[in-house]
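Take a look at the structure set out below.
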Amino acid sequence: MTRLRTPRWAWVLTGSGHFFVECFELIRSLDHCDVFVTKAADEVLRMYGLKLDFSDTTRVLHDKTASAVPVGEFYHGVYHSVVIAPATSNTVAKCVAGISDTIATNVYAQAGKCRLPSIVFACDTAPELETMAPHGMVKVYPRPIDLENTARLKTFERTQVVESFADLELAVARRKGEIDGRG
Ligand SMILES: Cc1cc2nc3c(=O)[nH]c(=O)nc-3n(C[C@H](O)[C@H](O)[C@H](O)COP(=O)(O)O)c2cc1C
Numbered sequence: 001m002t003r004l005r006t007p008r009w010a011w012v013l014t015g016s017g018h019f020f021v022e023c024f025e026l027i028r029s030l031d032h033c034d035v036f037v038t039k040a041a042d043e044v045l046r047m048y049g050l051k052l053d054f055s056d057t058t059r060v061l062h063d064k065t066a067s068a069v070p071v072g073e074f075y076h077g078v079y080h081s082v083v084i085a086p087a088t089s090n091t092v093a094k095c096v097a098g099i100s101d102t103i104a105t106n107v108y109a110q111a112g113k114c115r116l117p118s119i120v121f122a123c124d125t126a127p128e129l130e131t132m133a134p135h136g137m138v139k140v141y142p143r144p145i146d147l148e149n150t151a152r153l154k155t156f157e158r159t160q161v162v163e164s165f166a167d168l169e170l171a172v173a174r175r176k177g178e179i180d181g182r183g
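Counting along the sequence shown from 1, when you hit position 156 you're at 156 in full-length UniProt numbering, and nothing is skipped either side.
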């Protein structure tokens, strides 16, 4: 059996199809990662026909408890970084409001309380954008409140909000470099 190393990546999947396939590929490029899956993400990834199959060093944690039990590991130095990608407008809004009532919002809140860095790939970043629905690309018009929440999250400490998959890749690669550099 593969030995799990700590500290690890904490990657959160929320209920959005925005670059879901690409996010899965990026997770597969990481070693020693825990993937936290919201209830909505579990439903949505089934609609896209995606399977949560990752490397031997990756654990998958589902949202099955009211108190987000798996998140307790943040207090034992199990994680070095958080990535929330893709991040729904629902999760972004709750993070901005300081709400922690799902596995995603609990990961973000506990990361903040443990002073760990978070990278958030927000879905709603422009007044008009294209995203992947289960049966093909669709046009979406995020509301002013969605755009406002994304902008507000950018002002939060230790939080890097990225607006494109290319920027997500760059942010993850930069963080990977920092982690590897630590030895
Ligand atoms: C197929 C599908 C795709 C969705 N894509 C998005 C999306 O791109 N952005 C978004 O904000 N919500 C999207 N939703 C809605 C969210 O899943 C819903 O708001 C959910 O409550 C989010 O919960 P979570 O933030 O805890 O994952 C989608 C729903 C479905 C069924």
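From the three backbone atoms N, C-alpha and C, an ideal C-beta is built for every residue, glycine too.
DSSP, reduced to helix, strand and coil, places Cys-114 outside both helices and strands of the structure shown, so it counts as coil.
Sequence-distant partners of Ile-119 (beyond 5 residues in either direction) whose C-beta falls short of 6 Å from its own C-beta, in its chain, are Val-83, Gln-160 and Ala-171. The beta carbons of Glu-128 and Lys-139 sit closer together than 8 Å. Ala-10 is bridged by DSSP to Asp-34 and Val-82. In the DSSP assignment, Val-172 falls within the alpha helix (DSSP H) that extends over 165-182. With contact defined as three or more Cβ pairs closer than 8 Å, the segment 10-28 and the segment 86-103 are in contact.
Using a Cβ-Cβ distance cut-off of 8 Å, the segment 27-40 and the segment 151-165 are not in contact, since fewer than three pairs of beta carbons, one from each stretch, lie closer than that value. For Gly-17, the shortest C-beta to heavy atom distance toward ligand 1 is below 7 Å.
Burial state of Leu-4 is exposed, judged by a 10 Å Cβ sphere holding fewer than 16 other Cβ atoms. The beta carbons of Ala-104 and Val-12 sit closer together than 8 Å. Excluding sequence positions up to five before and after Arg-143, its CB lies less than 6 Å from no other CB in the same chain. Residue nearest to Ile-145 within the set Tyr-79, Ala-93 and Ile-99 is Ala-93 (criterion: CA-CA distance). Burial state of Ser-81 is buried, judged by a 10 Å Cβ sphere holding 16 or more other Cβ atoms.
One thing to note: Ala-10 has its Cβ within 8 Å of the Cβ of Val-107. In terms of Cβ geometry, Thr-65 and Cys-33 do not form a close pair [threshold 8 Å]. The secondary-structure analysis by DSSP pairs Ile-119 across a beta bridge with Val-83 and Gln-160. For Leu-61, no alpha helix (DSSP H) encloses it; the enclosing beta strand (DSSP E) starts and ends at 58-62.
Exposure of Arg-158 is indicated by the presence of fewer than 16 other C-beta atoms within 10 angstroms of its C-beta.
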